[in-house]
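Each protein sequence line maps, in turn, to chains A and H.
Under the numbering used here, residue 485 is the last one in the first sequence; the count climbs by one each step, no gaps.
Under the numbering used here, residue 372 is the last one in the second sequence; the count climbs by one each step, no gaps.
We put the CB at the ideal spot given by N, CA and C, even for glycine.
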Amino acid sequence: MSKNQHGIGGLTFDSKKKARAPEWNVFFALLLIVVIFEGLGQALMGQSLLFDTGDRFGTIFNEARLKIIILQVAIIGIIALGSTQVIILGGIDLSPGSVVGVTAMVAMSFAQVGEINGMANPKLMFEGIYNLPVILPVLVGLCVGILAGAVNGALIAYTKIPPFIATLGMMVTARGAAKWWSKGQPISFPTDGYAALGKGMMPVVIFILLAILFHLILKYTVYGKHTYAIGSNEQASRMSGIKVERHKMLVYTIAGALAALAAVVLSSKNLTAQAGMGVMYELDAIAMVVIGGVSLTGGRGSILGTVLGALIFGVIISGFTFLKLDAYYQEMVKGVIIVGAVVLDQFRQQRAASRM
Amino acid sequence: MKKTFLAAGLLSLLSTTAMAQTVGVSMALFDDNFLTVLRNGLIEKADAMEGVEIQVEDAQNDVAKQLDQINNFVASGVDAIIVNPVDTSATQAMTAAAEAAGVPLVYVNRQPINVDTLPDNQAFVASNEVESGTLETFEICKNLRAAGKGAGARAYIMMGELSNQAAVQRTKDIEDVLATDMCSFIEVVDQQTALWSRDEAQNLMTNWLSSGEPFDALIANNDEMAIGALQAMKAAGIDMDSVEVGGVDATADALAAMAAGELDVTVFQNAAGQGAGALDAALKLAAGEDVDQKVYIPFELVTPANLADYTTKN
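Spelled out as C-alpha cells, the structure:
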C-alpha cells in the first residue's frame with residue numbers, strides 16, 4: 130500500500146500495474162511464430178522466411194512472400210471483420226461461408242462476358258445478360274448478403290432463438306441455395322471490370338480499408354459502444370435505453386454484407402463462382418478472431434486483434450509451404466497452433482488479472 | 059393375324075414392365091463440378107428413355123447418410139440402385155444391403171474396395187484412374203523433351219484432397235511416369251495439396267513462387283488447381299511459354315485457358331458417358347441381363363492440337 134491514498138476505495142494509479150493492451154500479446158505471438166519459422170528455415174533449409182537470402186530478388190525482404198502471407202488471408206479476413214463484431218456482441222455467426230457460396234454464384238451470374246476467345250460464352254447463366262457494368266453484380270451480391278444477415282439478425286433478435294441455431298440454419302439454407310442457383314454448375318468468365326476487383330493485391334487493399342473503417346467505427350461511434358455494451362451485459366444495456374433488438378439486427382446485417390463483399394472479391398480473384406466456395410470459411414474466420422484476443426463470451430476484443438490473428442494464420446500457411454512440410458502434417462499442426470495461441474493468451478490474461 | 063396380336067400384346071406387356079423401371083441414385087455430393095456433369099449425363103439419359111424414372115439423392119459427403127439412402131431405396135422398392143460412393147472403403151455395407159434385398163446395384167466413378175468380390179447383380183462403371191495421371195504426365199514429359207529440357211527439368215506437383223482415391227492414384231501415376239527412364243530427367247521440387255480448389259492453388263503457387271526456385275512444369279491432379287496456379291503465375295509475370303502446365307478433367311474453364319495458350323495439357327474424363335453407362339448397366343441388371351462387372355470408359359488426352367473436339371463436351 131502506498132502512503133498517500135486517494136481515489137475511490139484507496140485505489141491509486143500505478144503505471145506498473147497498467148495492463149498491457151491485449152493486442153500486444155497477439156503481436157508477440159505473431160513474432161514468436163515468425164521467429165520459430167525463421168529458426169527452422171535457417172536450420173533445415175538454409176533460407177529465411179521473410180528476408181531475401183542468397184540475393185535472389187535483390188531486395189532486403191522476400192517481398193513475394195510478404196505479399197502472399199497477407200493475400201491468402203485477406204478474403205477470410207474480410208469475413209472475420211464481421212465475425213469480430215458479432216462475437217463482441219456476444220453472438221456467433223456460422224453462416225458466412227455459405228453466404229459466400231450463394232453470393233458468389235448470384236453475383237457472378239450478372240458479371241459474365243459475352244465472348245471468350247472469340248466464341249460465345251459457353252457458361253452463360255442467363256441468356257442476353259452479359260457485359261453489364263461492374264456495379265450491378267456488386268450491388269446484387271451485397272443485397273444477397275444483406276438479406277441473409279438481416280434474416281439472421283431478425284431471427285436472433287425477435288424470435289430469441291440462440292445465434293448458434295439461427296445461423297446454423299442459414300448456413301445449411303444458403304449452401305442449398307448456392308447449389309440450387311445453377312444446379313451445381315460453376316459460373317465462370319467474368320467481365321474485365323469485375324475481374325479487376327480481386328486482381329493482384331486488391332483483396333488486401335479492400336481488407337485493410339474495411340479493417341480501418343470498422344476499427345474506427347467500433348472505437349469512436351455509438352454503434353461501436355453499443356456493440357461492446359450489449360456483449361458485456363445485455364440486461365444493463367437494455368436498462369440504459371439501448372435498443373438491443375434493433376442493434377443486433379444491424380450487427381448481423383453488417384456481417385452478412387461483409388461476407389457478400391468477401392464473396393465478390395473471392396469470385397473475382399478466381400474468375401469463377403462455384404457452389405462449394407467458402408466451405409469452412411466461417412470456422413477459419415472465428416479462429417482468426419479468437420486468436421486475435423476477442424472473447425467468445427462477448428464484450429472484449431478489437432478489429433486490430435483480428436487483423437493480427439489473420440496475419441498469424443497467413444504466416445503459418447506460408448511457413449509450412451516454405452519448410453516443405455509434408456501435406457499430411459500441416460492440418461494437424463495448424464490445429465495445435467490455433468489452440469496453443471488461445472491458451473497462451475488466456476494464461477497471460479490470468480497472470481495480468483492476478484497482478485491487479 | 060392372331061399371332062401379330064399376341065406379339066403386340068406381349069410387346070405392350072414388355073413396355074409396361076419397362077414403364078415401371080425406377081432407379082435410385084445416391085451421389086456423393088452435388089456441389090462438385092465433375093460429379094454434376096456426371097449426374098446431368100445420367101438424368102439426360104433417363105429423360106431420353108421412355109418409362110425410366112430416376113430419383114437422385116445428395117449424400118452430402120456423408121457415409122452414413124449414403125447408406126441410409128440406399129436402405130430407403132430398397133424399402134421403396136426401386137428396380138436398381140446407382141451409387142457414387144462417398145468413401146470407397148465403406149462400400150461393403152451397401153453391397154450387402156442391396157444384395158440381401160435382391161436389388162441390382164451399380165457403383166459409378168469411384169472404385170469400391172470390394173470391386174473384385176461384387177455379387178453377380180452388381181457392377182462398377184468408371185474410368186481407369188491409372189490412365190489419367192499417366193497420360194497427363196507423359197505428355198508433359200514429351201513436351202519438356204521437345205523444348206530441349208531433356209537434360210534436366212524441375213516440376214511442382216499439386217495434389218487433390220489426400221483422403222480421395224483419385225488424388226492418391228493420380229499422384230502415384232505422376233511418380234510412376236517420372237520413375238521411367240524416359241522421364242526421369244524431371245526432378246520434383248515439392249508436392250503439396252491444394253484440396254482440388256482454385257483459390258487454394260493460387261495461394262499455394264504464389265507461396266512456391268515466393269521461394270524463387272526455378273521450375274519448368276506444374277503437374278496438377280485436376281484442372282481447377284492448374285487454373286489457380288496459372289492465375290498465380292500470370293500475376294507474377296511468368297512467361298507461360300516457358301512453363302508446362304497440366305491438369306485433368308477438361309472443364310470448360312480449362313479448355314478456355316488452353317485456347318488462350320496458357321494450359322498445355324488436360325485429360326478428358328467422360329463424365330456424362332460414365333453417368334449414362336451406369337444407367338445402362340443398372341437397367342440391364344434389372345432386366346436380368348449379363349453385364350461386365352467392370353465397365354471402363356476411357357480417358358482421352360486433350361492438347362491444343364485436338365482442343366476443338368472437346369469444347370462442347372463438358
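Query                                                                                                                                : Result
7 Å Cβ cut-off: residues of chain H touching isoleucine 245 (chain A)                                                                : Ala314
Coarse secondary structure for methionine 216 (chain H), derived from DSSP in three states                                           : strand
Where the beta strand (DSSP E) containing methionine 409 (chain A) begins and where it ends                                          : Neither: methionine 409 (chain A) is in no beta strand (DSSP E) and is coded neither H nor E.
Three-way DSSP call (helix, strand, coil) for methionine 330 (chain A) in this model                                                 : coil
Closer than 8 Å to chain A by CB, leucine 68 (chain H)                                                                               : In this predicted model, leucine 68 (chain H) has a pLDDT of only 48, less than 50, meaning its place in the structure is not dependable; the value taken from the coordinates is given anyway. No, its Cβ sits nowhere closer than 8 Å to a Cβ of chain A.
Whole-Å CB distance - asparagine 119 (chain H) paired with alanine 86 (chain H), under 8 Å assumed                                   : 6 Å
Whole-angstrom distance between glutamate 197 (chain H) and aspartate 274 (chain H), CA atom to CA atom                              : 14 Å
8 Å Cβ cutoff, tyrosine 457 (chain A) in contact with chain H                                                                        : yes
Other residues of its chain near phenylalanine 343 (chain A): CB distance less than 6 Å, five sequence neighbours each side excluded : Leu210 and Ile432
Nearest candidate by alpha-carbon position, reference valine 436 (chain A), set A:Val235, A:Asn399, A:Ala414 and A:Met331            : A:Ala414
Proline 332 (chain A) and lysine 398 (chain A) closer than 8 Å at C-beta                                                             : yes
Cβ shell of aspartate 116 (chain H) (< 7 Å), same chain only, five flanking positions each side left out                             : Met85, Leu87 and Phe88
Minimum Cβ-Cβ distance from methionine 217 (chain H) to chain A less than 8 Å                                                        : yes
Buried/exposed call for serine 424 (chain A), threshold 16 Cβ in 10 Å                                                                : buried
Near the ligand SAH: glycine 353 (chain A) beta-carbon under 7 Å from a heavy atom                                                   : As far as ligands go, the structure on display features none, and thus does not contain the ligand SAH.
Where glutamine 201 (chain A) falls, given that 16 or more other Cβ within 10 Å makes a residue buried                               : buried
Alanine 287 (chain H) burial status per 10 Å Cβ neighbour count (16 or more: buried)                                                 : buried
Selection of the stretch 388-411 of chain A by Cβ proximity to chain H, strictly under 9 Å                                           : Leu395, Lys398, Asn399, Leu400, Thr401, Gln403, Ala404, Gly405, Met406 and Val408
Cβ pair valine 166 (chain H), glycine 333 (chain H) closer than 8 Å                                                                  : yes
Beta carbon proximity, serine 447 (chain A) to chain H, threshold 8 Å                                                                : yes
Contact with chain A by aspartate 248 (chain H), beta-carbon distance below 8 Å                                                      : yes
Methionine 85 (chain H) (DSSP reduced to helix, strand or coil)                                                                      : strand
For isoleucine 285 (chain H), the nearest candidate out of H:Pro272, H:Ala310 and H:Ser300 (CA to CA)                                : H:Ala310
Beta-carbon proximity check, glycine 448 (chain A) vs isoleucine 420 (chain A), cutoff 8 Å                                           : no
Sufficient close CB pairs (3 or more, under 8 Å) joining the stretch 349-364 of chain A to the stretch 206-225 of chain A            : yes
Cross-chain neighbours of arginine 48 (chain H) in chain A, by beta carbon under 8 Å                                                 : The requested residue 48 (chain H) is not part of the displayed model; chain H covers only 59 to 372.
Straight-line gap, leucine 69 (chain H) to glutamate 108 (chain H) (C-alpha atoms, nearest Å)                                        : Only weak support exists for where leucine 69 (chain H) lies, its pLDDT of 47 falling under 50; the value from the coordinates is given anyway. Going by the C-alpha atoms only, they are around 14 Å apart.
Stretch pair the stretch 406-413 of chain A + the stretch 224-238 of chain A: three plus CB contacts closer than 8 Å                 : yes
DSSP state of tyrosine 368 (chain H) mapped onto helix, strand, coil                                                                 : coil
Cα-Cα separation, leucine 337 (chain H) to alanine 295 (chain A)                                                                     : 40 Å
Buried/exposed call for serine 73 (chain H), threshold 16 Cβ in 10 Å                                                                 : Here the model assigns serine 73 (chain H) a pLDDT of 44, short of 50, so the residue's position is not dependable and the matter cannot be decided.
Coarse secondary structure for alanine 275 (chain H), derived from DSSP in three states                                              : strand
DSSP-derived helix/strand/coil call for glutamine 79 (chain H)                                                                       : strand
Distance between isoleucine 445 (chain A) and tyrosine 127 (chain A) (C-alpha atoms, nearest Å)                                      : Coverage of chain A is limited to positions 130 through 485, which leaves residue 127 (chain A) absent and any answer about it impossible.
Beta-carbon proximity check, aspartate 307 (chain H) vs glutamine 327 (chain H), cutoff 8 Å                                          : yes
Proximal chain H residues relative to glycine 313 (chain A), where beta-carbon distance stays under 7 Å                              : Phe88, Asp89 and Thr94
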